[in-house]
Structures are given as structure tokens and as C-alpha cells.
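Notes follow the structure.
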Amino acid sequence: MALTCKICKSKNKKNLFKKDNYSFIKCTSCKLVSIDPIPSLKELMHYYVKKNEKGLNYDTNQYELKKYVDFGFRDLIIDSISIDRNVEIIDIGCYCGLLLDAFKEKGYEKLYGIEMQEQAYKVARAKHKKIFKTTLEDFSKIKKYRNKFNIVIASGLIEHLRNPNDLILLASNLLKDDGFLIIQTPFSDTFFAKTLGRFWPPYSAPEHIHYFSRQSIELLLAKNNLEIFKYLSHIKKLRLDYVFRMFRTFGTNILPIIKFFEFILPSFILKRYFYFYGGEKIIISKKIKNKN
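Structure follows, in C-alpha cells:
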């Protein structure tokens, strides 16, 4: 946000704090929080390569540890919107296809996914035929998928993107009229974010680039012919050792405390599941019918 806000184009900003060699800047007009400088694609690729070398990327083999998150996410979607089993669903950033697995278990068959990470793509592709290893830009050029889907899902993705509008524009183009876009992302205007400040775990640069508020996400959606249908707080059921592992990337400020508890807690406690909420929201929006 060195020049203008990515969402509202305002130049009015406020410096919140500095962390991990990045400044966290808040747009005072739409309340979007962004890191500054925004890393280049080359810098991001270097970061993810180094993260993988340290063994800190999501493990495609840890299915059971993340299963409850994706199956719970599926149930929240089904409970929130009326959808039959003939709908067409695409998960953008589907990783190894866990959410698609969850829908398949409920009898949904018209399932698609986009995933760039090679290992995750191969895992997802082995279970679901319609998985694409491509960029958002390239997929947007495939005309037969325009206005095709009833549901577009982007969970834990938008905060990683240099330009969030690319994702929302693609989603809007993929959706049928009255179709639903479902986003999951950390919200910077939640109680947890405001209370913890720079110690809020999702404030993790350069992995997370943008942090939305209600005002900024609604503005971005409206620009792309989408209107808010419902907000949900995303409460997750997670195994404790999985949570501690995530703190090695998200929450490095309190890592010494996490390591202490990892050391003193017995393994049967570490392997138990608990409910967690850290300020992440599920935003369900609906594509407005074209009046032309």
C-alpha cells in the first residue's frame, strides 16, 4: 500500500506496526490492512521454497489432522445455503482435495478444483478427475467455464494474493446468476485481531499479504457484481499438536511458549481435538442477476 489501497484506491493510510521486516498498513478509508512492501512473485516463490525446505508447508499426508476442518466447513456451507446434489462446485486453491472429498461423501459429484502446488495437485487429481494445475489468469481464459458454477469456494486463499481482485473477478465470471461465492479468511476487525494486535497469529508476512474487514470485503465484492448473503465465524475442530505445528509459521512471536507446552503436555493430550476460533470469517456472497 505504498501508493494506493488495492481495494478502494485511497491514499489515506495509517502505520499499525512493523513485524518480520514488513510494515503493516491500514487503509483509513476501507480498513484493509496490507503489508508493505508487497512482495514480488519471485520473493514469494523464494519464501515458499524455503518454507518447504524447513518442513513447514501443509503436509498432504496429514489427512486426519485436517479432516474435521474441511468436513465441518462443508456442513456450514450446506446448512447456510439451499443446494441440491446436482450443483457444480469449484474449489479454487483446493490443495489435496479434502473439501472436495467432504462434498463427495455427501453425494455431490460435479466437483472441480484448481491447485498450483505440484504435490497437492497430484494427490487431489488421483481422487478427483477435474483438477486443474493452472494460474487464476490462465483459467479465466477458458470460456466454457464462464457462468458455469453454482458454487465457487476460496478458503484460506485471498489473504495470500498480491492482488485480491484477480480472485474475486474470476469467481464472479465463473458463477451463474444467483450462484454463491464462499470465502474463508482472517478478519482484521474481529475482537481477536484488535486485542492481540501484532501478536495475532494471522499477521504473518509475507505469507499473508492482505487482511480484510467487513467494509473492505463488501466493497471488493460489490465491484464484481456480488452481494453479501451471510457472515459466519469459522470455529474449527483441530488436534492440538496440529495447532502447535501451525504456530511455527503463524505465531512465531509466541513460539517459545508453544514449544514449552509441546514439551510438558503428554502425547494423549496433544492428540486430542479441541474447538478453536482465532478471528477467521466465512463470507458467503451471491452473484447479482444480470439485468441485460
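Take this note's numbering: the last position of the sequence shown gets the number 315, and nothing is skipped along the way.
The beta-carbon is built from N, C-alpha and C at its ideal position, and this holds for glycine as well.
Here the structure is a predicted model, which means the values were calculated and not measured.
Can you list, in chain order, the residues of its chain with a C-beta nearer than 8 Å to that of residue i? Leave out the 5 residues immediately preceding and following it.
{"i": "K294", "result": "R262, L263 and D264"}
Which residue wins for smallest C-alpha separation from residue i, given the options the options?
{"i": "K217", "options": "S33, K54, I154 and F126", "result": "K54"}
{"i": "L184", "options": "A245, L197 and I115", "result": "I115"}
{"i": "K156", "options": "L197, C119 and I48", "result": "C119"}
{"i": "K36", "options": "I277, A228, K49 and K42", "result": "K49"}
{"i": "K199", "options": "Q207, D93, G220 and R169", "result": "R169"}
Measure the CB-CB distance between residue i and residue j and report whether it falls below 8 Å.
{"i": "E111", "j": "K167", "result": "no"}
{"i": "E285", "j": "F297", "result": "no"}
{"i": "F210", "j": "W223", "result": "no"}
{"i": "F96", "j": "I137", "result": "no"}
{"i": "L39", "j": "V56", "result": "yes"}
{"i": "L243", "j": "I305", "result": "no"}
{"i": "L99", "j": "I176", "result": "no"}
{"i": "S308", "j": "L249", "result": "yes"}
{"i": "K29", "j": "H233", "result": "yes"}
{"i": "Q142", "j": "S178", "result": "no"}
{"i": "Y135", "j": "I113", "result": "yes"}
Label residue i either buried or exposed according to how many other C-beta atoms from any shown protein chain fall within 10 Å of its C-beta, with 16 as the threshold for buried.
{"i": "E303", "result": "buried"}
{"i": "L144", "result": "The question names Leu, yet the displayed sequence has Tyr at residue 144. Y144 comes out buried."}
{"i": "F126", "result": "buried"}
{"i": "S195", "result": "buried"}
{"i": "N173", "result": "buried"}
{"i": "V92", "result": "buried"}
{"i": "Y300", "result": "exposed"}
{"i": "D124", "result": "buried"}
{"i": "S105", "result": "exposed"}
Which class does residue i belong to by DSSP, given the choice of helix, strand or coil?
{"i": "G202", "result": "strand"}
{"i": "L255", "result": "strand"}
{"i": "L288", "result": "coil"}
{"i": "R271", "result": "coil"}
{"i": "T158", "result": "coil"}
{"i": "E140", "result": "Here residue 140 is Gln; the residue named in the question, Glu, does not match the sequence. Correct three-state label for Q140: coil."}
{"i": "K304", "result": "strand"}
{"i": "L184", "result": "coil"}
Using a Cβ-Cβ cut-off of 6 Å (strictly less than) and excluding sequence neighbours within five positions of residue i, which residues of its own chain qualify?
{"i": "K139", "result": "Residue 139 is actually Met in this sequence, not Lys. If we look at M139 and ignore the five residues flanking it on each side, it has no Cβ neighbours."}
If we define contact as Cβ-Cβ less than 8 Å, is residue i a contact residue for chain B?
{"i": "N109", "result": "Among the chains of the structure shown, chain B does not appear; only one protein chain is present."}
So, at 7 Å on beta carbons, what are the nonlocal neighbours of residue i in its own chain, with the 5 sequence-adjacent residues on each side left out?
{"i": "Y45", "result": "I58, D59, A228 and P229"}
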